[in-house]
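Number of protein chains: 2
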Amino acid sequence: MSNDPIINDRAQSLLKTLIERYIQDGQPVGSRILSRESGMNVSPATVRNVMADLEDLGLVKAPHTSAGRIPTVRGYRLFVDNLLTVRPLRGNVMERFRDELHRLDDPEELIDRVSNLLSSMTRMAGLVMLPRAGSVQLKHIEFLPLSGDRVLVILVVNDQQVQNRIIHTDRAYTQSELQQAANYLNSEFAGRELDSIRARVLQHMEEIRDDMKQIMQLAVQLADEVVQTSQTADYVVHGETNLMSYAEMADMERLRQLFEALKTKQDILHILDKSIHAEGMQIFIGEESGYEAFGECSVVTSPYRVQDEVVGVLGVIGPTRMAYDRVIPVVDVTAKLLGSLLTSE
Amino acid sequence: MSNDPIINDRAQSLLKTLIERYIQDGQPVGSRILSRESGMNVSPATVRNVMADLEDLGLVKAPHTSAGRIPTVRGYRLFVDNLLTVRPLRGNVMERFRDELHRLDDPEELIDRVSNLLSSMTRMAGLVMLPRAGSVQLKHIEFLPLSGDRVLVILVVNDQQVQNRIIHTDRAYTQSELQQAANYLNSEFAGRELDSIRARVLQHMEEIRDDMKQIMQLAVQLADEVVQTSQTADYVVHGETNLMSYAEMADMERLRQLFEALKTKQDILHILDKSIHAEGMQIFIGEESGYEAFGECSVVTSPYRVQDEVVGVLGVIGPTRMAYDRVIPVVDVTAKLLGSLLTSE
DNA sequence: ATTGGCACTCTATTCTGACGAGTGCTAATC
DNA sequence: GATTAGCACTCGTCAGAATAGAGTGCCAAT
Chain A
1 MSNDPIINDR
11 AQSLLKTLIE
21 RYIQDGQPVG
31 SRILSRESGM
41 NVSPATVRNV
51 MADLEDLGLV
61 KAPHTSAGRI
71 PTVRGYRLFV
81 DNLLTVRPLR
91 GNVMERFRDE
101 LHRLDDPEEL
111 IDRVSNLLSS
121 MTRMAGLVML
131 PRAGSVQLKH
141 IEFLPLSGDR
151 VLVILVVNDQ
161 QVQNRIIHTD
171 RAYTQSELQQ
181 AANYLNSEFA
191 GRELDSIRAR
201 VLQHMEEIRD
211 DMKQIMQLAV
221 QLADEVVQTS
231 QTADYVVHGE
241 TNLMSYAEMA
251 DMERLRQLFE
261 ALKTKQDILH
271 ILDKSIHAEG
281 MQIFIGEESG
291 YEAFGECSVV
301 TSPYRVQDEV
311 VGVLGVIGPT
321 RMAYDRVIPV
331 VDVTAKLLGS
341 LLTSE
Chain B
1001 MSNDPIINDR
1011 AQSLLKTLIE
1021 RYIQDGQPVG
1031 SRILSRESGM
1041 NVSPATVRNV
1051 MADLEDLGLV
1061 KAPHTSAGRI
1071 PTVRGYRLFV
1081 DNLLTVRPLR
1091 GNVMERFRDE
1101 LHRLDDPEEL
1111 IDRVSNLLSS
1121 MTRMAGLVML
1131 PRAGSVQLKH
1141 IEFLPLSGDR
1151 VLVILVVNDQ
1161 QVQNRIIHTD
1171 RAYTQSELQQ
1181 AANYLNSEFA
1191 GRELDSIRAR
1201 VLQHMEEIRD
1211 DMKQIMQLAV
1221 QLADEVVQTS
1231 QTADYVVHGE
1241 TNLMSYAEMA
1251 DMERLRQLFE
1261 ALKTKQDILH
1271 ILDKSIHAEG
1281 MQIFIGEESG
1291 YEAFGECSVV
1301 TSPYRVQDEV
1311 VGVLGVIGPT
1321 RMAYDRVIPV
1331 VDVTAKLLGS
1341 LLTSE
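Each protein sequence line maps, in turn, to chains A and B. Taking the working numbering, the leading residue of the first sequence gets 1, the next gets one more, and so forth. Taking the working numbering, the leading residue of the second sequence gets 1001, the next gets one more, and so forth.
Next comes the structure, spelled out in structure tokens:
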């Protein structure tokens, strides 16, 4: 996909120090500083020549005639792909969190904490997609008559998730009628996939007692919904407000769009979704994500695995000018941590 | 509580037009404009004299020597308490929403929509506290054995709320053991309050079969938790991002604190809580709420009732300089709407 | 008690010039 | 041929000065 421009070692090295420097203090970097900082005996004039080349290649740009250079999106791209040296985390940092998070019973709570962890370690916003269930197996079903023609259906799936919904029937069913229907479904189908149950019930509809038909149909319909919902991706965000502290986010309209997106979830999910099928970490820099609203933002993601199978994605969102060398290992290690915590349950 | 300063009709009228004008366009209001706008034949010089009085009383202030006046918190207070003429909504506006929201089965969904409604009608952030249940009645209980020593407990309370939790037992219980326990609880206690069940089970503990004792204890413990959670207040916000469009919110640090508070919920809940026991609408202007972070914000709330009993609060939060005459009726009518929708279910 | 008039204050805007940072280009150098 | 020094030039920023406009406070007249 990328036609990496071919640039020599010196240019690469200069680009690297330029971006590192820019990430550090957010100011355009001039030739003098670069010549001094780079540690490779070159005069500012030479640096200027190199910079002109890099600018032609679209890797850096000058905000105005007599300012230093700042990286472009393409520059960042080249940087993270080829030039970056990540700083590994100190080994025991994650161990501490592992111990702390280990005791949690509730997976939702775990997700929540991990999102918090991401946000606090990076001082940006942490995103954790809920793990999707590979299959939806019926554990148990229960019908409870409510007042009038309403019936509460409780579905236990995958050993611990409980789903429930109210359905409206044509007539009021008695407790024992509903009990029969539930017994039938439980004895026939417990432990099987909702999808296959659906097919089977519909297929053998004629064998079902007339007065139960409607309740069965509604149950199937509910099962559909449950499969639907459990396949609908969702995520948890924390630390959005961290983003407000960055100077890059000063534009209110932009900021608003970003927060809107984080709340609406749709666009962000789309980005996370791109990452779920990727093997490893993904980094979306600036408009690469394809959304105008995230112009000044980058997203760093990593899929996480339960028993070697990818079940979700997590990551952070922050300003394009972020310390990639620190953020990348954090996201990486956190994904492994979450995976292992979910597996051990 | 308030020692309303005594000011004559003319001063009141001038204060009223001043605040109306300031709310309209956010600029300090000068004597000339006021003299023209007020419609009461007075010269700018007279107005200036009155303004000086009002300033002494702490009702208005001048941002600097030669600017017009803007209202202080006390000024707003006097305004909303005594001077405000609300604009009633056009009658059919709410009827439309009532029809639209009427079909919703799920009370959570309803709350969500109402919060959205508040936010979109006022272009500020809408808050709806979840209705608290007056009592928690057991409808049905169910135990499901999971792998190992874990048991899934499902509690249906108040006719349609389903709560569930995993408990850890000393040993693995069989399906039929659990069934017996559930049968016992259901036949004895369905329809009764969790609180009284708790007491009764503990009281008659010796009558319970030995091998069931632990499961009963855990069930009681869970019931405690459920009562606990159902008493823990919570709310739904929508349209937070609307707040970003106001010039008053330009200060990032303030904005950040505000968003933090909306997400953390604690402080906002505290404010809403003050309002739940009040008879009617409450308005917190600026620092009146007692929180520094909401300095430039006002909160307008109204309790809502189900069958004449207050079960929750809703409202909006926005800049102090808001169109109270429009916001107040919206909040008022929405509270009535939500109440009637919840009652009719 | 109200009003007109006037001096005064403060803000916002515009313009200016000086300064510094940094570039691009060219000619000299290695 | 690559590198470098030198120099003219551009642009942004800052401080200061000038100006206009809005609005006040106060005093004297009504």
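In this text, a Cβ means the ideal position worked out from N, Cα and C, and glycines have one as well.
query	result
Those runs of the alpha helix (DSSP H) which lie wholly inside the region 260-341 of chain A and span at least 4 residues	266-276
Between the CA atoms of Ile1167/B and Met1362/B - distance to the nearest angstrom	Outside the displayed span of chain B (1001 to 1345) sits residue 1362/B, for which this structure offers no information.
Inter-stretch contact (C-beta, 8 Å, three-pair minimum) for the region 1121-1137 of chain B and the region 1277-1296 of chain B	no
Beta carbon proximity, His1270/B to chain A, threshold 8 Å	no
Cα-Cα separation, Glu1020/B to Pro1088/B	17 Å
Neighbouring residues, chain B, relative to Val162/A (Cβ below 7 Å)	Ile1154, Val1162, Asn1164
Ile328/A beta carbon near the ligand FAD (any heavy atom closer than 7 Å)	As far as ligands go, the structure on display features none, and thus does not contain the ligand FAD.
Beta carbon proximity, Leu61/A to chain B, threshold 8 Å	It should be pointed out that residue 61/A corresponds to Lys in this sequence rather than to Leu. Not closer than 8 Å to any Cβ of chain B, the Cβ of Lys61/A fails to qualify, so no.
Contact check, Leu54/A vs Val47/A, beta carbons under 8 Å	no
contact_flag[the region 169-185 of chain A, the region 114-134 of chain A] where n(CB pairs < 8 Å) is 3 or more	no
Contact list for the region 128-144 of chain A against chain B, Cβ threshold 9 Å	Lys139, His140, Glu142, Leu144
Cβ neighbour criterion (16 or more within 10 Å) applied to Ala335/A	buried
C-alpha gap between Val1227/B and Ile1215/B, whole angstroms	18 Å
Whole-angstrom distance between Val1300/B and Val1333/B, CA atom to CA atom	13 Å
CB contact check: Phe259/A to chain B, cutoff 8 Å	yes
Counterpart residues of Asp1100/B in DSSP-defined beta bridges	Strictly speaking, residue 1100/B in this sequence is Glu, with Asp absent from that position. DSSP output for Glu1100/B lists no bridge partner at all.
Cβ neighbours of Ala1011/B in the same chain (closer than 8 Å, five flanking residues each side left out)	Val1050, Asp1053, Leu1054
Any chain A beta carbon closer than 8 Å to Met1051/B	no
For Asn1186/B, the nearest candidate out of Leu1202/B, Val1157/B, Thr1169/B, Ala1172/B (CA to CA)	Val1157/B
Rounded separation between His238/A and Leu117/A - CA only	9 Å
Given Lys16/A as reference, the closest of Tyr76/A, Gly58/A, Asp56/A once Cα atoms are compared	Tyr76/A
Environment of Leu1202/B [buried if 16+ CB atoms lie within 10 Å]	exposed
Enclosing alpha helix (DSSP H) for Pro107/A [first to last residue]	107-122
First through last residue of the beta strand (DSSP E) which encompasses Val1162/B	1161-1168
Pairwise C-alpha distance: Val1311/B and Phe259/A	31 Å
Straight-line gap, Ser1035/B to Ser1043/B (C-alpha atoms, nearest Å)	6 Å
Simplified DSSP assignment, three categories, for Pro1028/B	coil
Residue-chain proximity (Thr122/A, chain B), Cβ-Cβ < 8 Å	no
Min CB distance Met1244/B to chain A below 8 Å	yes
Partner residues on chain B for Thr241/A, Cβ-Cβ distance less than 8 Å	Arg1256, Phe1259, Glu1260, Lys1263
Segment limits, alpha helix (DSSP H) that includes Met51/A	44-56
For Val1316/B and Val1327/B, believed in contact at Cβ under 8 Å, the rounded distance	6 Å
Proximity of Ile7/A and Leu83/A at Cβ, strictly below 8 Å	no
Where Leu146/A meets chain B, residues with beta-carbon distance less than 9 Å	Lys1139, Asp1159, Gln1160
Near-chain A residues of the region 1090-1117 of chain B - C-beta to any C-beta below 7 Å	Asp1105
One or two residues paired with Phe347/A in a DSSP bridge	Nothing in the structure corresponds to residue 347/A, since chain A is present only between 1 and 345.
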